[in-house]
Structures are given as C-alpha cells and as structure tokens.
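S.K.:
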Amino acid sequence: MYITLKLLVKFHLLRLLIYNILNRFIILYLMATQTIPKIIHQLWIGKKPAPTKFMNTWRDAHVPLGWEYRLWNEAEIVHNVDIGRYARRVNSIEEINGKADVFRWIILQKFGGVFVDADSICIEPIDSHILADGVDAFAGWEQEQVRKGLAATGTMGFTPSHPIVNSALEWIARNPISNRETGNRAWYTVGPGLLTRICQMYEFKNITMYPSHYFLPFHYSGIKYEGHEKVYAYQEWGSTKQNYDVMNQVELPDAFTPPADALACSVLVSSYNTKPQYVKECLESIKAQVGKFNMEVVWINDGSTEASTTELISILKQFKETSRWISVVYDENDGNKGIGYSLNKGVNMCSHENIIKMDSDDIMVPERIAKQLNHMYAHPKCMICGGQVSMFRGDDIKNVTMNTKHHSINWDEYKQAPKDWFINHPTVCYRKSAILYAGNYDPTEHSMIEDFHLELKMLKTHGKIHNMPDVLLHYRLHPGQVTNAAGDPKWKRVREEIIADMVKTS
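Under the numbering used here, the residues of the sequence shown are numbered 94 to 599, in order.
(1) So, Thr-289 versus Ala-261, is the Cβ gap smaller than 7 Å?
(2) Between which two residues does the beta strand (DSSP E) containing Gly-571 stretch?
(3) Under three-state DSSP, which class holds Glu-188?
(4) Taking only the alpha-carbon atoms, compute the straight-line gap between Val-575 and Asp-454 and give it to the nearest angstrom.
(5) At the level of alpha carbons, what is the spacing between Arg-486 and Glu-319?
(6) Classify Cys-292 as helix, strand or coil using the three-state DSSP reduction.
(7) Applying the 10 Å Cβ sphere with the 16-neighbour rule, what's the burial state of Met-94?
(8) Within 8 Å, do at least three Cβ pairs link the stretch 319-328 to the stretch 250-260?
(9) Quick one: grab the DSSP three-state call for Leu-136.
(10) Among residues of its own chain, excluding the 5 on either side of Pro-369, which ones have a beta-carbon nearer than 7 Å to its beta-carbon?
(11) For the candidate residues Cys-478, Gly-276, Phe-515 and Glu-167, whose alpha-carbon lies nearest to that of Ile-528?
(12) Judging by CA-CA distance, which residue of Ala-168, Phe-251 and Asp-563 is the nearest neighbour of Asn-299?
(13) Can you find the residues in the same chain that come closer than 8 Å, C-beta to C-beta, to Asp-488, ignoring five residues on each side of it along the sequence?
(14) Who are the Cβ neighbours of Lys-602 in its own chain at under 6 Å, not counting the five residues just before and after it?
(15) Considering only residues of the stretch 427-470, which uninterrupted beta strand (DSSP E) runs meet the minimum length of 3 residues and lie entirely inside it, listed in chain order?
(16) Rounded to the nearest angstrom, what separates Asp-338 and Pro-142 at their Cα positions?
(17) Considering only residues of the same chain and omitting the five flanking positions on each side of Gln-236, which have a CB-CB separation below 8 Å?
(18) Would you check if the distance between the CB atom of Ile-270 and the CB atom of Val-283 is smaller than 7 Å?
(19) Compute the Euclidean distance between the alpha carbons of Pro-351 and Trp-418, then round it to the nearest angstrom.
(20) Under the three-state reduction of DSSP, which class applies to Lys-597: helix, strand or coil?
(21) Does the Cβ-Cβ distance between Asn-441 and Tyr-534 come in under 7 Å?
(22) How would you call Tyr-470, buried or exposed, if buried means at least 16 neighbouring beta carbons within 10 angstroms?
(23) To test your reading of the DSSP string, which unbroken alpha helix (DSSP H) runs of 4 or more residues are found completely within the stretch 329-356?
(24) Pull up the CB-CB distance for Gly-439 and Leu-361, whole angstroms please, since I reckon it's below 8 Å.
(25) Here's the rule: buried if 16 or more other CB atoms are within 10 angstroms of the residue's CB, otherwise exposed. What is Lys-241?
(26) Is the distance from the Cβ of Val-390 to the Cβ of Pro-459 below 7 Å?
(27) On the DSSP bridge list, what partners appear for Ser-378?
(28) By DSSP, does Asp-505 sit in helix, in strand, or in coil?
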C-alpha cells in the first residue's frame, strides 16, 4: 500500500510537471502566432468635455486603412466588459486618470489592440514597422534621458490576454492602488509605473520597446525630438498640464508640419559592396540629423554584387519607411564604373542646390547638416564648405585615432604651399551649380583622385574653400576602404601632376 501511494504521488507530480510544460509551450505558441488586432481603443470618462479634436485624428487615420476604432465611455464599459473583480479597486482610486488606467488594462485583456491616450494627436498611422512580425506587445519609453527605464502607457498594443496585461490585472486585483492606502499617485500604481514593474519581471523579453520620440516627441520636461526618424504621435500631457478644458483649441505644433520646400538639401552617397551594417549606420546617422528641413538621399550603387544589391535595396526601403521628411532616389550602374562616374551621375541627379557628400561607411554627427546649411544660407558666396573628421577604427566609434585640423584656404594661399589634402571629402557641402560650373567630377577617374581633383577645381574656380572647425563626421578606418591605397607613390605622383597643371594654368 505504501509503495502504491508513493507511486501515485510521483505519478501525480509528473502529470503536473508535464501539464505545466505543455501549458508553457501552448502559451509560447499562442504568443508567437497571435498578432495584435487592428483596433484603436480610446477612452473618455468623467464630466469634462472629451478632446474630440485630438481623438478624431486617430479614427480618421486608421479607419480608412481597415482598422476598427472603438471609443469607450462609462456606458460602453458596463455593457461590454466585466469589471466585477476590479470594481472595488476602481472605486478606491482617487484620480480619474487612474480609473481610466484600470479600464485600459481590462479592455486590452479582453480585446487586444492598440490603446491610445485621449490627449494624443495622430501624426502617422500605426504601420508594419510597429506591428512587425513577431511583435505581440509594444510600448514606448517615456524619455530616455530624464525618465530612463520608465515605460509609457500612452500608446501601447497587446494581443488579447497577453501575459503582461494578465499580470498587471492580477497585481491590481491583489494590491491596494489608492493614494490614501499607498501614498503613491496613479501613474505609479496602475499606469507607467505598473507597466515598467511588470516588464522588469519579464526582463522586457515579452514586449518590444520603441524610442520615446515615436509617441512622445515633446516631453513635459522640455526635451524635444528634432531628428528625421518617423514620429507617430504628439502628446499634449493633459493630466500633467491640467488643460483638458481647452484642449479642443490646441493646435499641432509647427514642429510637426512639413518643412518649407526652400529648406532642403540632397545627400549624395555612392557604394560598392559596402557591408550592410556600415550602410545601416550611415543611414541611421542621416535619420538622426536635427532640424526641420527636407532631405533627398541620392544613392548610386556602383555595380555591387547581386547579394549586396538585394541587401542594399532592402535597407534603403526600411530607411525610407521609418523616416520623415526624407525621399530616396536610387540608381544602379551597369557594372563597376568607379567613384568619379558615380558621383558625376549623382550630382546631376540631385534635385537641390545644396548637396551634402557622404561615404557609405561613415557616420555623421547629428548637427552636421544643420550647421552646414546654416553656413551656406548665411554666406551666399560660399560655394563649398567642409569640416573636420574624427577617425575611428572598425566598429568602435570611440576608438579614435585622430581628429583632422583643416583650415579655410583661398587659391592664392594654396599656390604658395600646395598640398594634396586640404579638405575632408566626406564632409563637403557644395552648391550644385558651382560643381557643374567647375566641371563636375571626372567620370573617367575611377577612384583615388576623383575627389581631390574636383576639390582643387572648386578651389581654383571659386577662389576659396571654407573649413568649419567642428567635427562633422566619424570617419571609419577599415581594411576594405578604397583610400587605403592613397599613400601609394603612384597616386601621390598623379596628384602632384594635377596640382602642377592646375597651378601652371592659373
């Protein structure tokens, strides 16, 4: 009898273990196969007028794309969800935004979808980047600098009965949440504080966290996002400002409206089998450029392999889809024609007068383009402007080997002391008309001298090159770059011959 009972206990424990393992696999399978429903939820409770001007932007942006839009109020909640287990907690919490937070969790558990704060303006609809394959939960950070590690609940999406939502509601059911009982405000007990604690419990493995500027580009602390990555929403911070009474009179700040056509530049890049990671870092630095202006990225693929070309096209597509105020013009050479040929073609393809030159394996500092455009606008007689580079090795941007110190120079000064390196080509900002007037890049010069030759023609033709003292670009040193051969005596002789010919004919 004792042996039989012992076996029964072991069998029971084994059955429990198998059940738990299978249950975990089922949950993981459902999480992997479920997608966030295309439902936009918004909620308004209480006696104050709803900020319908803001809320309607979400409905109008998503319903035409096939989304369902659900506006929740007290009556809708009573008729469509069961709040029985949480009723005592809802009644106990003093802040109305705290009550709304509890309702938000209940609605997301039952229906799934994307919940958006009522004081948010939709700038771009939720797209396939946010709802990428495998994303069954998402939210954004509140502000990485001043509120580091705090998840925001203003725009978040989940599949129905997601473990994070289930855990949040379980915590609410089992713990006091009122200010009277806890001494804490609602944002901490049932809002962003609760989401953060639950995510920490899961080590943030069950949720995709997006940058704060996706949904909170202007933080109430005064920090503003001014880059060129896509922004999906603007938050008015109604609970913080206590301005819901006048919110229907608030307009979307001018910082989020499209820039004037006059504020634009072209960014010229050519590539030949550049590593995908380098291309991504190059493009991310373009997206990171601060300032309100349009950019046109003109990218010339100089005969890369089929595999490299496929990867490049995919990266450029992703770049375009996740950017704001940026267009992409892509062209392929029929075989490897060389840098001179590619840049000659690229200059002619650029739509804007001001052209920013960049190499496909380098990284711009965020203020580079704004600084150079401001300089060109302030100095209409300046035809070419460069800056300093910080040279680094491999993949570590902090592994700096040197910073350049090029000064501005005019043609008369140059003739007195000629040299073959007086401006950093990947940092130049030049006027298209001035490039064409000087003769453009020589399409017959494959590499090694095409940049120097044009720079010298620009200096001679227009009289001066301006070099800003600021570091404008992180210049990558790696074994595969073309300029590794720049010190070859052959190319040094070629540059000396170009200098002699240009000085002699001046």
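Glycine is no exception: its CB is placed at the ideal position from the N, C-alpha and C atoms.
On a predicted model such as this, the values are computed, not experimentally measured, just so you know.
M.R.: On the basis of the supplied data:
(1) no
(2) With the sequence shown as reference, residue 571 is identified as His, and Gly is not the correct amino acid for it. Premise fails: His-571 is in no beta strand (DSSP E) and is neither H nor E.
(3) coil
(4) 11 Å
(5) 29 Å
(6) helix
(7) At Met-94, the pLDDT of 45 sits below 50, so the modelled position is not reliable; the number obtained from the coordinates is stated separately. Answer is exposed; the Cβ neighbour count stays below 16.
(8) no
(9) strand
(10) Glu-404 and Ile-408
(11) For Ile-528, the nearest C-alpha among the options comes from Cys-478.
(12) Phe-251
(13) Gln-370
(14) Limits of the chain in this structure are 94 at one end and 599 at the other, which puts residue 602 out of reach.
(15) 447-450
(16) 7 Å
(17) Leu-243, Ser-305, Leu-309, His-312, Ser-314 and Ile-316
(18) yes
(19) 7 Å
(20) helix
(21) no
(22) exposed
(23) 331-334
(24) 5 Å
(25) Around the beta carbon of Lys-241, a 10 Å sphere encloses fewer than 16 other beta carbons of the protein chains shown; the residue is thus reported as exposed.
(26) no
(27) Answer by DSSP bridge pairing: none, since Ser-378 is not bridged.
(28) DSSP places Asp-505 in helix when its eight states are reduced to three.
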